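Going by full-length UniProt numbering, the residue at position 127 of the sequence shown is 127; the numbering climbs one at a time, nothing skipped.
Every residue, glycine too, gets a C-beta built ideally from N, C-alpha and C.
Given the structure is predicted, the values throughout are model-derived calculations rather than measurements.
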Amino acid sequence: MSTDFTDARLLDALGTLASTAGAAIMAHYGGASSIKSDGSPVTAADHAAEQVILAGLAGLLPEVPVLAEEAAAAGRWPASTRMLVAVDPLDGTREFISQNGEFTVNIGLIADGRPVAGVVFAPALSRLWLGAGSKAEAMELPPGAPISAATRRRTIRTRPLPAGGPVALVSRSHPDAATSAYYAGRGIGEQRPVGSSLKYTLIAEGEADVSARFASITEWDIAAAHAVLAAAGGEMTQPDGAPLVYGRAERQFRTDHFIACSGAYAAAGRR
């Protein structure tokens, strides 16, 4: 298939691949977990979903290096960073373990240091988001179904700021004092806890306005949702507005701190 990362046919194929991985995840829902060397949890679902995605990418984008969470945990890092596919097969493993539904499959396409297209799938919620260029879409899709079976497929955009103040989405499993301090000075009307990259797709869809993170995270956690949010008219930048740079092998693909927000939140100078 074309290596044009903004090709709609490629995005749709990746959407079907994410749905297939979602079915592999749900086959293990409620299963046991273990702890990796970095202290984070891992389940059979993480490995099963990554195997599905890597096999699919080998057919769709055979020449593009892949940065995948479980492969990286085993010491397998991509050799090239100009073009990458960033894969988090199960973002929100803690949410998966607690069975609250707030976990996602993430496939992000990175070119020259920025995410240019992304697919995010929430299998327990049967919701899929795609984004590339200036077009972002949301739809309903059961795990394992091809994207041709999607219903309520629609273009999405970030929303104007609500009269009662911005709605902030905070990490359900990783709260931190710096983020709380940031929200305290910005007229936030409401804070809602949400797990995984779901936070950024909800901003893209106009259900919230901002989500900050003042701790490093790995590129595979946010690349896909960053692309969706940007395509929907939002932003994900460092707190001072500088761009996030991807493909940073020298940092083992760790990101800077960032603010994800709607276009209206950024335009109002709330950052």
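Using three-state DSSP, classify residue i as helix, strand or coil.
i, result
"SER33", "strand"
"TRP77", "coil"
"LEU57", "helix"
"LEU125", "coil"
"ILE110", "strand"
"ILE97", "helix"
"ALA267", "helix"
"SER148", "helix"
"GLY15", "helix"
"GLY195", "coil"
"THR43", "strand"
"LEU10", "helix"
"ALA232", "coil"
"ALA249", "helix"
"LEU202", "helix"
"ALA49", "helix"
"ALA224", "helix"
"ALA27", "coil"
"ALA86", "strand"
Can you pull the DSSP bridge partners for residue i?
i, result
"ARG159", "DSSP lists no partner for ARG159."
"THR104", "ASP91"
"ARG254", "THR218"
"GLU63", "Answer is none; GLU63 lacks a bridge partner."
"THR237", "PRO243, ILE259"
"GLY131", "GLY118, ALA136"
"ARG213", "PHE258"
"SER171", "VAL194"
"ARG186", "Note: ARG186 sits in no beta bridge, so no partner."
Can you grab the Cα-Cα spacing for the pair residue i / residue j, in whole Å?
i, j, result
"ALA49", "ALA24", "6 Å"
"GLU69", "VAL87", "7 Å"
"THR16", "PRO162", "34 Å"
"ALA149", "MET83", "30 Å"
"GLY241", "PHE121", "28 Å"
"ILE53", "LEU11", "14 Å"
"GLU219", "GLN238", "14 Å"
"PRO243", "ALA232", "17 Å"
"GLY31", "THR43", "7 Å"
"ALA111", "SER40", "28 Å"
"GLY164", "ARG251", "40 Å"
For residue i, count the other beta carbons within 10 Å of its own beta carbon; 16 or more makes it buried, fewer makes it exposed. Which is it?
i, result
"GLY234", "buried"
"SER211", "buried"
"GLY63", "First, the amino acid is wrong: residue 63 is Glu here, not Gly. Exposed: under 16 other Cβ atoms inside 10 Å."
"ALA249", "exposed"
"PRO115", "buried"
"SER134", "exposed"
"GLY118", "buried"
"GLY247", "buried"
What does a CB cutoff of less than 6 Å around residue i pick up in its chain, not counting 5 residues either side in sequence?
i, result
"VAL170", "GLN191, PRO193"
Excluding the 5 residues flanking residue i on each side, which residues of the same chain have their C-beta closer than 8 Å to its C-beta?
i, result
"LEU229", "GLY131, ALA136, THR158, TYR200, THR201, ILE203, ALA204, GLU235, MET236, ALA260"
"SER216", "ARG254, THR255, ASP256, HIS257"
"GLU95", "GLY101, GLU102, PHE103, ARG172, SER173, GLY195, SER196"
"GLY27", "The sequence given here places Ala at residue 27; Gly does not occur at that position. Here the set comprises ALA45, ALA48."
Only counting the same chain, and skipping five residues up and downstream in sequence, which positions put a Cβ closer than 7 Å to that of residue i?
i, result
"ASP91", "PHE103, THR104, ASN106, SER196, SER197, ASP221"
"GLY206", "ILE156, ARG157, THR158, ARG159"
Quick check on residue i - is its C-beta less than 7 Å from some C-beta in chain D?
i, result
"LEU17", "Chain labels in this structure do not include chain D; a single protein chain is all it has."
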